[in-house]
DNA sequence: AATCCATATATCCAAATATTTAAATATATG
DNA sequence: CATATATTTAAATATTTGGATATATGGATT
């Protein structure tokens, strides 16, 4: 049996293919950002914030989940860079740091379906 | 202590905020698509395929991972709708079903960083 | 052509690891 | 001191990895 037609990978081709990939570091970073998006609860939070700033307490109320659960998701979104926040006394107001991010997400899903 | 300023959620506002969210079903589906992207190995595969069709055997070789591992990732990408494939004898040639998908991913990470 | 063999890919399974959830507790603010 | 939020922690669940095995295909041999 011959090798596959696209294959026949010479050592040079193989090296080139590997070199053309983004760095391991870059790929992990990108995956982290996408992981932050890849959860229904966090997508909900981002959708809610499309209309503007919200207090954590309000997000908890709308989602109707325990406070530590919501806090955890907010922290992940914050760490991934999706959220800005503002402290006002005890309250923390969150907003999207990139208001158009959900449009990009929509574009991905529209492409796929 | 007064309630937070954005908060003060009347029952009506709360209901409206919940109604304006995409359906649970839609959110899970979107999360599934994003999960398929949110992995360094799968990002690598998608990057490799930007240059055109590749045989599974070649992907295994470039990634230098055990065959079942690569097969698993290919199946996830297939199921999420990112890959088309073509059987040629024993070989399976994979290609991107949406060749521009990685540009959208790049846009997300560029927005974030 | 029937059988056997080698190879490509997929599936099964279990272990390792990561993520999600939420109760308990800590911290911060007024 | 009461309340908003974060952190700690542990359990439940999901994902990733790769060995073992199954399946599929096609070449070789009889």
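Chains as they are written, first to last, in my numbering: chain U, 1 to 113; chain Z, 1001 to 1113.
Every residue gets a Cβ at the ideal spot worked out from N, C-alpha and C, and that includes glycine.
(request) Establish whether the CB of residue 1019 of chain Z and some CB of chain U are separated by less than 7 Å. (result) Numbered from its first residue, the second chain carries residue 1019 of chain Z at position 19. Contacts with chain U at 7 Å (Cβ-Cβ) do not include residue 1019 of chain Z.
(request) Below 6 Å CB to CB, which residues in the same chain sit around residue 1111 of chain Z once its five sequence neighbours on both sides are set aside? (result) On the second chain, residue 1111 of chain Z is found 111 positions in, with the first residue counted as 1. Closer than 6 Å at the Cβ level, and outside the excluded window around residue 1111 of chain Z, lies no residue.
(request) Could you check which residue in Z/1041, Z/1015, Z/1023, Z/1089 has the C-alpha nearest to that of residue 1055 of chain Z? (result) On the second chain, position 55 is the one that residue 1055 of chain Z refers to. Per the Cα distances, Z/1089.
(message) Can you tell me which residues form a DSSP beta bridge with residue 95 of chain U?
(response) Here residue 95 of chain U is taken as the residue at index 95 of the first chain, counted from 1. Its beta-bridge partners are U/84.
(request) Take residue 79 of chain U and list the residues in its own chain whose beta-carbon comes closer than 8 Å to its own, dropping the five residues that flank it on each side. (result) Here residue 79 of chain U refers to the residue found at position 79 when the first chain is read from its first residue. The beta carbon of residue 79 of chain U lies closer than 8 Å to those of 36 in the same chain, with the five residues before and after it left out.
(request) Would you mind giving the Cβ-Cβ distance between residue 1059 of chain Z and residue 101 of chain U, rounded to the nearest angstrom? I have them listed as a contact below 8 Å. (result) Here residue 1059 of chain Z is taken as the residue at index 59 of the second chain, counted from 1. Here residue 101 of chain U is taken as the residue at index 101 of the first chain, counted from 1. Not confirmed; about 30 Å, so no contact.
(request) Decide if residue 17 of chain U is buried, meaning its Cβ has at least 16 other Cβ atoms within 10 Å, or exposed. (result) Locating residue 17 of chain U in the first chain gives position 17, counting from the first residue. Under this definition residue 17 of chain U is a buried residue.
(request) Could you name the residues of chain Z that residue 78 of chain U contacts, counting a contact when the two beta carbons are closer than 7 Å? (result) By 1-based counting over the first chain, the position of residue 78 of chain U is 78. Residues of chain Z passing the Cβ test: none, with the nearest at roughly 12 Å.
(request) Could you tell me which uninterrupted alpha helix (DSSP H) segments, each at least 4 residues in length, are contained entirely in the region 1015-1057 of chain Z, listed from first to last along the chain? (result) 1024-1037, 1040-1049
(message) If you reduce the DSSP assignment to three classes, tell me which class residue 106 of chain U lands in.
(response) What you label residue 106 of chain U is simply residue 106 of the first chain in a count that begins at 1. Note: residue 106 of chain U maps to helix in three-state DSSP.
(message) Does residue 87 of chain U pass the burial test, meaning 16 or more other C-beta atoms within 10 Å, or should it be called exposed?
(response) Position 87 of the first chain, counting from 1, holds the residue named residue 87 of chain U. Exposed, because fewer than 16 other Cβ atoms sit within 10 Å of the Cβ of residue 87 of chain U.
(request) Flag this pair as yes or no: are the beta carbons of residue 1043 of chain Z and residue 41 of chain U separated by less than 7 Å? (result) Here residue 1043 of chain Z refers to the residue found at position 43 when the second chain is read from its first residue. Here residue 41 of chain U refers to the residue found at position 41 when the first chain is read from its first residue. It is not a contact, given that the beta carbons lie outside the stated cut-off.
(message) Can you tell me whether residue 1013 of chain Z is helix, strand or coil according to DSSP?
(response) Walking along the second chain from the start, residue 1013 of chain Z turns up at place 13. If DSSP states are grouped into helix, strand and coil, residue 1013 of chain Z belongs with the helices.
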